[in-house]
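Participant:
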RNA sequence: GCUGCCGUAGCUCAGUGGUAGAGCACCUCAUUGGUAAUGAGGAGGUCCACAGUUCGAUCCUGUGUGGCAGCACCA
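Residue numbers (my numbering): 933 to 1586.
(1) What's the call for residue 1158, buried or exposed, on a 16-neighbour Cβ count within 10 Å?
(2) Tell me the DSSP bridge mates of residue 1234?
(3) Determine the DSSP secondary structure at residue 1262, reduced to helix, strand or coil.
(4) Taking residue 1279 as the reference, give the member of 1154, 1449, 1072 with the closest Cα.
(5) Using the C-alpha atoms, what's the distance from residue 1464 back to residue 1191?
(6) Taking 8 angstroms as the threshold (C-beta atoms), are residue 1185 and residue 1205 in contact?
(7) Does DSSP put residue 1529 in a helix, a strand or coil?
(8) Quick one: Cα of residue 991 to Cα of residue 1104, how far?
(9) Within the chosen definition, does the stretch 1467-1487 reach the stretch 1504-1513 through at least 3 CB pairs nearer than 8 angstroms?
(10) Smallest Cα separation from residue 1459: which of 1372, 993, 1100, 1414?
(11) Rank 993, 999, 978, 1060 by C-alpha distance to the C-alpha of residue 1012 and give the top, closest one.
(12) Have a look at residue 1123 and residue 1428 and give me their C-alpha separation to the nearest angstrom.
(13) With a Cβ-Cβ cutoff of 8 angstroms, do residue 1363 and residue 1416 count as a contact?
(14) Give me whichever residues DSSP pairs with residue 1126 in a beta bridge.
(15) Grab the span of the beta strand (DSSP E) containing residue 1547 for me, first residue to last.
(16) Answer with buried or exposed for residue 1344, where buried requires no fewer than 16 other C-beta atoms within 10 angstroms of its C-beta.
(17) What is the rounded straight-line gap between the Cα of residue 1519 and the Cα of residue 1544?
(18) For the beta strand (DSSP E) containing residue 1319, name the first residue and the last one.
(19) With DSSP as the reference, please indicate the residues paired to residue 1489 in a beta bridge.
(20) Tell me whether residue 1348 is buried or exposed, calling it buried when 16 or more other Cβ atoms sit within 10 Å of its Cβ.
(21) Looking at the strands, I want to know which residues DSSP matches up with residue 1030.
(22) I need the DSSP call for residue 1025, collapsed to helix, strand or coil.
(23) Pull up the CB-CB distance for residue 1292 and residue 1380, whole angstroms please, since I reckon it's below 8 angstroms.
(24) Whose CA, out of 1047, 1187, 1086, lies closest to the CA of residue 1138?
(25) Taking the C-alpha atoms as reference points, what is the distance between residue 1532 and residue 1177?
(26) Report buried or exposed for residue 1248, applying the criterion of at least 16 other Cβ atoms within 10 angstroms of its Cβ.
(27) Please state whether the Cβ-Cβ distance between residue 1562 and residue 1538 is less than 8 angstroms.
(28) Less than 8 angstroms between C-beta atoms, sequence neighbours within five positions excluded: which residues of the same chain meet that for residue 943?
(29) In terms of alpha-carbon separation, which member of 1357, 947, 1583, 966 lies closest to residue 982?
(30) Roughly how many angstroms separate the alpha carbons of residue 1240 and residue 1435, rounded to a whole number?
(31) Using the Cα positions of residue 1529 and residue 1132, report the straight-line distance between them to the nearest angstrom.
(32) For residue 1290, which of 1264, 1325, 955 has the nearest alpha-carbon?
(33) Considering only DSSP beta bridges, list what residue 1292 is partnered with.
(34) My output table needs one value for residue 1209: the three-state DSSP class, helix, strand or coil.
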């Protein structure tokens, strides 16, 4: 007998080997009908599974949030059946559930095209309408291998070989079609419903390794209800609207062109935002850091010493004299990082332990030859500005410095309006690395403790995680991942502890006992890449920048030319207060001007006509609102300039 | 870098084996208006580059280059 506890607390005995389905049917046929799976002690399993031991049991309906994963996984199976029905000979590989949907990878001589998707969807609907039950069988390894090998499913054979010997092989059947699968599944294909959609086709490497052949992947998504699918698709459209590349064009912020792949042409508007962010960061460093500037290119020998030339040469730019007759054969590397430069500055002149911690900052422009397919607007470029700093300190000071950086990062993100969830990930030693295992053990140990402290201080808002093997070649690192207004995560800030580079460059300080000691070096960036951070901020606000960041903070718009003189006066008065304001005196209707400047996302429109000129007032219309507020010029300017104050200065004033 | 798709006016996009079009933007003229497009006219193109096929290529083929969606990569 097994004793099962139901959600209402009732406890009943059942014979060994009874299935979830039998129990549900025993309670009521309608329950059995609408149940798609069960959860035993919270673990979702097939409803047809036999129950062998005491457990808490819950019946999962397809509306249950836990069923969503099953719906998506089942849809992936149906997708695979549909594809094999349409194009026999196509090999199936894997089809997991991912965030927001699922995919299935196929091996087919001819890749899929977007036109294939509706055809496949139609076939999938047929399969779902047939409503065949999902049934599970346990096969022996040899049988399974033979069956799949006979079918020409070589990838499946490879998968079977990769499954540990002590695990059983589960085969799920839906009618005549079957697949090797871990499960669980719902009771039948009909339970999937019709709220699914195939999204796109793409290439993807077998087992995620670029040495392997490329497969054809089909991405799709599925929901329990049509309305949920519709909402999801609408959200996708919304995300597209706030694409920073689109906003960059519409707001005249920047552009790219063929001659400079991955390098930004900053227009006046975009550069204003960029400089506003830099100015903010610079204020935050005041007193604590010294700002420096190291050369843009340095002899490659320096990069050989640092190890970059060895590990990352493929991703570096080099420069030589362009002259035909030059005798100068030296090869320079354009800096991909600022650290070797900063170490040179540290080494210049003898340093004492009294100088530590020495915090050296630079808004350094670095160039990295990113793979062509990696480039993406401002988010991944080949030339970018880091809000970089290197902290030279003693080992004892290290943990405190990490916490200090943590505070700086958290408060900065808050100032830019990122008040959502935050994740700090600790990335540990990678395969490609320098330094002894003992040094790595030590560094990772300290970082672990700091991570714990970060989580404790976060008051529940900060999640932490470990990324094994993802560290930099010279040391472990923290990665700060922020969440934007529509729930997307972006890795921006980073703190990296480094016991290696100072040593490689023979950097040292004189300790209290008069001995030479290598400093510990902490690499850190708050925004990371300014270009990328700007892109993220832009998408976060969907272009509706807070006043302090807006490139054009206000536009004075005249209604008739009678107000021209007054409009100029308003503009100049605002400029005198440091506001970025223009006047639009064009011979156009006010409707036209409101539309034009709303489209370029100017936060405040100061409309002036005859009335305002006579009473020395302005009619303010804020972006995103149709409301008009009339106030005196003095009051309006006072309000605007107060609002335009960056958050850190506002804090200082309070 | 890999797979697939794409490159025509500043932008969004039609189109054709016989060297090209629309809307918006731009310029000019008229219009002086109260919160998301006033009307009329004008100007604007090496149809990404190079090679090939062809009497003739923006169109077909190849190579390169840049972009888009994924994958891989991201010190």
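For each residue, glycine too, the CB sits at the ideal point set by N, CA and C.
Facilitator: By the coordinates alone:
(1) exposed
(2) In the DSSP output, where bridge partners are listed per residue, residue 1234 has none listed.
(3) coil
(4) 1449
(5) 21 angstroms
(6) yes
(7) helix
(8) 21 angstroms
(9) yes
(10) 1414
(11) 1060
(12) 49 angstroms
(13) no
(14) Answer is none; residue 1126 lacks a bridge partner.
(15) Element bounds for residue 1547: not the beta strand (DSSP E) but the alpha helix (DSSP H), 1542-1547.
(16) buried
(17) 18 angstroms
(18) 1315-1325
(19) 1516, 1539
(20) buried
(21) 1033
(22) coil
(23) Actually they do not touch by this definition, with Cβ atoms about 26 angstroms apart.
(24) 1086
(25) 14 angstroms
(26) buried
(27) no
(28) 935, 936, 937
(29) 947
(30) 15 angstroms
(31) 36 angstroms
(32) 1325
(33) 1222, 1322
(34) helix
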